[in-house]
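> Got a structure here, written out as structure tokens. Questions coming.
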RNA sequence: GCCCUCGUAGCUCAGUGGACAGAGCGGGCGCCUUCUAAGCGCCGAGGCGCAGGUUCGAGUCCUGCCGAGGGCGCCA
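Numbering (the working numbering), first residue to last: 14 to 598.
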């Protein structure tokens, strides 16, 4: 499919201005028409200012020539303003035509610019036998939203949950569990509210203490690591059980968060373990990896360390083991060769930027990444507490993800209960859950990805401002109007002159696809949040100045159409953020 | 030492090289016989860390400096 199912007015105007440029100044054919939304008209074209020098003309003169060449087409009126801006107005009928066309489309008229592009999104990646904590919040939420947006834009998205399910720490844990068969850690032997990962996390700490205190246990643990790596059946069975129980616990969080990740998306470190030797062989044969101080490394061609020498990727450790550098190289090899990916995305925190830069560079030198292939680290900032320091419990420990969700839902519940005391308890629970989870996700997505952000439950469940709750409420309010009208078939009469608020709302709705394309290109979901907030505000302005239900036809029909398209766009946009938009609040 | 990111209103944040830099919170005033007041309007508040540069035009691009955070061999 093309970039647009319904060509936005901005695109139509841009085409017209492009045509005018070619007509008025053939030498400038193909130049950017620089069309933008405008406060002074429907759109403005800044091409005359940008091109005046090349055209060897005064901007105002060039603008006048362009205006003269812009007769008719999708443009109703043009005027030159200021130093050479073209203020452009589109016909009323076009405004309504776009609304009608988008309502007829199941995709709201949005095209599929990423059609068929196989895109691997690597995100979440919790560690087996450990609690999910605040550190997994952003990767899970941002990664999931990107998977949704790219999928909607037509990409063939393959989600990859790169679980931390392999490593020497499991030798210690398995040995401990083997020696303490009475220890409870299976989900069915734990009391409600205690997860397997919570129990395993505790047992691991105990095992760790014993490892440090008892040399004999440490020896047995080390032997257990060898057993695990050599595939000893009993050890492997225990490990698989630990993985399965952990995944059950993750499932509970994923279900509550409403993320797309499913069991088959789990392709953890253990999956790559058998592939690492081959990966390293290729690197050695290609002459990229070389011995250094007993280890095997790839020296970076561009990055130097504190000593001024090239920084190495650790391909094989001195003890013969493999670290994350090797695994990440193996993921590229696998995702390109076996999954046939065209675009690789790694949603991890920004501290790993240098690591990925070096891994990608090595993969390019190795020939695994070729020119048509895009590999991108999608970095994000740290979650901070209100004190501006990394978010921790009062005692200084990491904050469990589940606790954090509980707190947000509890606050949302208090706010909802206060504002709507008549709500039946069951509805209250359901709405509090939707609002609380939505608030957490929205707060995480709404701020620009790269910056650290402050986790503030009070602010995120606020009903005012750029919050998830505000958008959910806006959606519910519109749905309420539509229910009262009996959810009629949209009937748009393009002959009606739109009120300013109707015009502004329709133009905003027309720009939905452009915003999504921007999110797909920049991998910045906060642009979608900003768009939806603006849309909700435009709707509110419309709601304040334009009566819907008691308007006379054909105005009423047109306004209902605006309500329908706004509700669908809001609901759809929220769903791409992974947030549910309830019918009632 | 080198590299990366960030620095916009009292606070939390938006801001494709274009017309007077915008929201929310907090403060002040006002608006519910009308589709959800979980809302809306008005008032006050910054000239975008600092200094240069490129440009017809810079919060946005470039250079330097200051400040904060992060990274730089066997943890991911």
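In this text, a Cβ means the ideal position worked out from N, Cα and C, and glycines have one as well.
May I have the straight-line CA-CA distance separating residue 78 from residue 19, to the nearest angstrom?
Computed Cα separation, rounded: 30 angstroms.
> Along the chain, where does the beta strand (DSSP E) that runs through residue 303 open and close?
That run of the beta strand (DSSP E) goes 303-305.
> Suppose you measure from the CA of residue 398 to the CA of residue 378; what does that come to, to the nearest Å?
Roughly 41 angstroms separates the two Cα atoms.
> Could you pull out every residue in the same chain whose Cβ sits closer than 7 angstroms to the Cβ of residue 129, ignoring the five residues on either side in sequence?
167 and 169, listed in sequence order.
> Taking DSSP as the reference, what is the three-state secondary structure of residue 273?
Coil at residue 273, not helix or strand.
> Extract the residue ranges of the beta strand (DSSP E) inside the segment 255-342, only unbroken runs of 3 or more that lie entirely within it.
Entirely contained in the segment 255-342, the beta strand (DSSP E) runs reaching 3 residues are, in chain order, 303-305, 308-317 and 323-329.
> Going by alpha carbons, who is nearest to residue 249 out of 155, 213 and 183?
It is 183.
> Can you tell which of 132, 340, 349 and 472 has the C-alpha that lies nearest to the C-alpha of residue 451?
Ranking 132, 340, 349 and 472 by Cα distance to residue 451 puts 472 first.
> Is it buried or exposed, residue 433, if we count other Cβ atoms within 10 angstroms and call 16 or more buried?
The residue is exposed, with fewer than 16 neighbouring Cβ atoms inside 10 Å.
> Given that a residue counts as buried once 16 or more other Cβ atoms are within 10 Å of its Cβ, and exposed if not, what is residue 42?
Result: exposed.
> Which of helix, strand or coil does DSSP assign to residue 201?
Helix, per DSSP.
> What residues in its chain sit with their C-beta under 6 angstroms from that of residue 145, if we drop five residues either side in the sequence?
Around residue 145: 139, 266 and 414.
> So, for residue 283: in the same chain, excluding its five sequence neighbours on each side, which residues have a beta-carbon less than 7 angstroms away from its beta-carbon?
Excluding sequence neighbours, residue 283 sits near 178 and 179.
> Give me the Cα-Cα distance between residue 586 and residue 545, rounded to the nearest whole angstrom.
Near 7 angstroms, if we compare the C-alpha coordinates of residue 545 and residue 586.
> When burial is assigned at 16 or more other CB atoms within 10 Å of the CB, is residue 142 buried or exposed?
Buried.
> Please name the residue, chosen from 96, 272 and 286, that lies closest to residue 181 on a Cα-to-Cα basis.
Comparing Cα-Cα distances from residue 181 to each of 96, 272 and 286, the minimum goes to 286.
> Grab the span of the beta strand (DSSP E) containing residue 90 for me, first residue to last.
Counting along the chain, the beta strand (DSSP E) containing residue 90 begins and ends at 90-94.
> Mind listing, in chain order, the continuous alpha helix (DSSP H) runs of no fewer than 4 residues lying wholly within the segment 219-249?
Runs found: 228-243.
> Do three or more CB pairs link the segment 150-165 to the segment 215-223 at distances below 8 angstroms?
No: fewer than three Cβ pairs fall under 8 angstroms.
> Could you name the residues of the same chain whose beta carbon sits closer than 7 angstroms to that of residue 252, not counting the 5 residues immediately before and after it, in chain order?
These residues qualify, in order along the chain: 183, 187 and 241.
> Distance check for residue 110 and residue 206, CA to CA, integer angstroms please.
Each residue's alpha carbon lies about 54 angstroms from the other.
> Please confirm whether residue 311 and residue 481 have their CB atoms less than 9 angstroms apart.
Cβ atoms of residue 311 and residue 481: not closer than 9 angstroms.
> Note the first and the last residue of the continuous beta strand (DSSP E) segment covering residue 406.
Counting along the chain, residue 406 falls outside any beta strand (DSSP E), and DSSP gives it neither H nor E.
> In the DSSP assignment, the beta strand (DSSP E) including residue 100 goes from what residue to what residue?
That run of the beta strand (DSSP E) goes 98-102.
> Closest to residue 30 by C-alpha separation, out of 16, 21 and 57, would be which residue?
Among 16, 21 and 57, the Cα nearest to that of residue 30 is on 57.
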